[in-house]
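So for the sequence shown, the numbering used here puts the first residue at 0; every next one is plus one. Just so it is clear, CB atoms sit at the ideal spot from N, CA and C, and this is done for glycine as well.
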Amino acid sequence: MTTLVNRNSRAIIISNLMKGVCVGCAAVIVTTLVLITGYLVVIGLHSLSWSIFTNLPDDNPPGMLNSIEGTVILVLLASAVGIPVGMLAGVYLSEYDANSWLAAPVRFVSDVLAGVPSIVVGILGYELLVVPFGGYSGWAGAMALAFIMVPIVARTTEEMLRLVPGSYREAAIALGATKARTILGIVIPSATGSLVTGSMLAVARVAGETAPLLFTAAGWKYIVHNPSKQFPSLTLRIYELSNDPSPAARAQAWSGILVLVALIFVVNLSVRFFTRSRHAAR
């Protein structure tokens, strides 16, 4: 009996110790995020002005209107390609041939591509999209960003769909639903929140990319709505300003970083609110 009590006491102590380690690590992560965000807000707000949202780089004072619009358009174009392709690949891996000869290579390639440096994607986009078509363009930049998004969305979609209980699928099929109807009507809606989170992670990843756009979109100092031409981007503008020795230019670069983070935050918050409202309505 004494031995059993000692074992239980030791197990409780180890459990509490590991819980404390986990809480400590979580606190470190949250504290680091708060410090970085606070530092960015303090420095960025110091030079933030309304002209950043209304003026062009050549205006006085200079602004980032073209870059902000360009980033929004590039991310939308990349998402229109990367998210559907990635989700369909994830659905295939999870719901159709999870153990087929094709599934293992697709998973392996997705894992490898998710870790490929973005500058490699930029060089690949330059060779495949810029050189053959005779120049830099917004399409090339958007496709390079979509290439980064696909493996992230695919692997996230597969893992999230696997968390949906198999009893949901069995119940739907027992009621006469087809495989496609089960996936569209039962499986995907059950994992909507997780799928949106995975997609937003991919959007946040590409929204802050600079290297792929250096080789594909190349940037532009005017407002451009035609993706067939050189295309502006907020990350490219921040990169240019950060290399400028002028203190005013570097201060504006900090403001651009703050605007970029705010855009990503607003998009994430809006999508989460929309999906949560739909779930509440159901």
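Practice problem: Confirm, please, whether the CB-CB distance from THR215 to GLY121 is below 8 Å. | Solution: In this structure, THR215 lies closer than 8 Å to GLY121 by Cβ.
- To the nearest angstrom, report how far apart PHE107 and LEU92 are at their CA atoms. The alpha-carbon separation between PHE107 and LEU92 amounts to approximately 12 Å.
Check: Do GLY153 and GLY89 have their CB atoms nearer than 8 Å?
Finding: The residue you asked about is not Gly; residue 153 is Ala in the sequence shown. Contact flag set, yes.
Mind checking which residues open and close the alpha helix (DSSP H) that includes VAL186? That residue, VAL186, is in no alpha helix (DSSP H); it is neither H nor E in DSSP.
### Query
Do you know whose CA, among TYR238, LEU240, LEU160, ILE222, lies nearest LEU194's CA?
Ranked by Cα distance from LEU194, the first of TYR238, LEU240, LEU160, ILE222 is LEU160.
Could you tell me whether the Cβ atoms of PRO150 and LEU112 are closer together than 8 Å?
Their beta carbons are under 8 Å apart, which means PRO150 touches LEU112 by this criterion.
Exercise for review: Can you tell me which of the three DSSP states ALA190 falls into?
Suggested key: DSSP places ALA190 in the coil class of the three-state scheme, outside both helix and strand.
Requested in this report: Using DSSP bridges, identify the partner residues of PHE230.
Outcome: BP columns for PHE230 point to ALA217.
(Q) Among the candidates THR209, ASP58, LEU257, ARG271, whose CA atom is the shortest distance from the CA of VAL40? (A) The alpha carbon of VAL40 has as its nearest neighbour, out of THR209, ASP58, LEU257, ARG271, the alpha carbon of LEU257.
*Should ARG180 be labelled buried (16 or more other beta-carbon atoms within 10 Å of its own) or exposed?*
The residue in question, ARG180, is exposed, as its Cβ has fewer than 16 Cβ neighbours within 10 Å.
Of the listed residues ARG204, VAL29, THR196, ILE42, nearest to GLY114 (C-alpha basis): Cα-wise, what sits closest to GLY114 is ARG204.
**Prompt:** What number of angstroms, rounded off, separates the C-alpha of ALA26 from the C-alpha of PHE264?
**Reply:** CA-to-CA, the gap between ALA26 and PHE264 works out to about 21 Å.
Buried or exposed: which applies to GLY37, given that a residue is buried once 16 or more other Cβ atoms fall within 10 Å of its Cβ? It counts as exposed.
### Presumed contact (8 Å Cβ cut-off) between TRP253 and SER48, rounded CB distance
Between the beta-carbon of TRP253 and that of SER48 there is about 12 Å, and that puts the pair past the 8 Å contact cut.
Exercise. Would SER136 pass as a contact of PHE230 if the rule is Cβ separation under 8 Å?
Worked result: Yes, they are a contact pair.
| query | If you compare alpha carbons, which of GLU158, TYR221, ALA250, LEU213 is closest to ILE42? | reply | Looking at the Cα atoms, ALA250 is the closest of the given residues.
The alpha helix (DSSP H) with TYR167 in it runs from where to where? Here the alpha helix (DSSP H) through TYR167 covers 165 to 173.
Please state whether the Cβ-Cβ distance between MET17 and ARG236 is less than 8 Å. It is not a contact, given that the beta carbons lie outside the stated cut-off.
| task | Identify whether VAL152 lies in helix, strand or coil by the three-state DSSP scheme. | result | When secondary structure is reduced to three states using DSSP, VAL152 falls in the helix class.
**Item:** Limits of the alpha helix (DSSP H) - the one that ILE118 falls within
**Value:** Taken as a continuous stretch (DSSP letters only), the alpha helix (DSSP H) holding ILE118 covers 117 to 124.
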